[in-house]
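A quick write-up on the structure given underneath.
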Amino acid sequence: NAGVTQTPKFRVLKTGQSMTLLCAQDMNHEYMYWYRQDPGMGLRLIHYSVGEGTTAKGEVPDGYNVSRLKKQNFLLGLESAAPSQTSVYFCASSLGTKTGQPQHFGDGTRLSIL
Amino acid sequence: QKEVEQDPGPLSVPEGAIVSLNCTYSNSAFQYFMWYRQYSRKGPELLMYTYSSGNKEDGRFTAQVDKSSKYISLFIRDSQPSDSATYLCGLRADKLIFGTGTRLQVFP
Numbered sequence: 001n002a003g004v005t006q007t008p009k010f011r012v013l014k015t016g017q018s019m020t021l022l023c024a025q026d027m028n029h030e031y032m033y034w035y036r037q038d039p040g041m042g043l044r045l046i047h048y049s050v051g052e053g054t055t056a057k058g059e060v061p062d063g064y065n066v067s068r069l070k071k072q073n074f075l076l077g078l079e080s081a082a083p084s085q086t087s088v089y090f091c092a093s094s095l096g097t098k099t100g101q102p103q104h105f106g107d108g109t110r111l112s113i114l
Numbered sequence: 115q116k117e118v119e120q121d122p123g124p125l126s127v128p129e130g131a132i133v134s135l136n137c138t139y140s141n142s143a144f145q146y147f148m149w150y151r152q153y154s155r156k157g158p159e160l161l162m163y164t165y166s167s168g169n170k171e172d173g174r175f176t177a178q179v180d181k182s183s184k185y186i187s188l189f190i191r192d193s194q195p196s197d198s199a200t201y202l203c204g205l206r207a208d209k210l211i212f213g214t215g216t217r218l219q220v221f222p
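Those protein sequence lines, which keep their order, are chains C and U. Here our numbering is used: the first residue of the first sequence is 1, the next is one more, and so on. Here our numbering is used: the first residue of the second sequence is 115, the next is one more, and so on.
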């Protein structure tokens, strides 16, 4: 029972490089989310999706792009990585947003930008 | 002022102690309240959720909400070393906002 799977688990990039983080869920959830977690800042929402083919901006979307071509996958892209994007990135999914429909998280991608 | 305030800790207690973890908030629009537990190098996992004032109990865990004071708490009875983790509160109105987390250490 995989739940939410994130790949890769670790990555080191140089400033200006690009990369894509992959999130896959096997729970048939409609909603998917990308967060970043930084010390003293907590979890901050980057982008989210309310269904296949949809995306929307969260609290800190600048410098990131996302795509939801398939219901089970949600991709987060960094076009030109910056040191300020060094963080732990978490993907989450949920059936909806009502009580009793909590978000389920993956185990994170630790990203360092040099 | 942040919408949600949570003491980062660390909170260090002996095994068997009663632990109290708290969040305060400023937006009275928050209606749903959650507690997540996050082990080191893992993602957050939902512990409890509630949408009303009062207490909700689940085993050794009790979630308490006081909407009049804008204050939520998580109590852990008979704490165990396996409870050592970071605990995040989550509050939802039109969007879900997380506290910064409190790191708890339970020593044998």
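In this text, a Cβ means the ideal position worked out from N, Cα and C, and glycines have one as well.
For C/Tyr35, the pairing in a beta bridge is given by DSSP as C/Leu45 and C/Phe90. Neighbours of U/Lys170 in chain C, taken as residues at a C-beta separation under 8 Å, are lacking, since the least C-beta distance is about 12 Å.
Taking C-beta atoms as the reference points, U/Val127 and U/Ser193 count as a pair closer than 7 Å.
If the five residues before and after U/Arg206 are omitted, its C-beta is found closer than 7 Å to the C-beta atoms of Phe144, Gln145 and Tyr146, all from its own chain and listed in chain order. Counting every other CB atom within 10 Å of its CB across the protein chains shown gives C/Leu69 a total below 16, marking it as exposed.
For U/Gln219, the enclosing beta strand (DSSP E) starts and ends at Thr216 to Phe221. Annotation for U/Asp172: the continuous beta strand (DSSP E) segment containing it runs Gly168 to Asp172. Rounded to the nearest whole angstrom, the C-alpha separation of U/Tyr201 and U/Leu210 is 16 Å. DSSP places U/Pro158 outside both helix and strand once states are collapsed to three, so it counts as coil.
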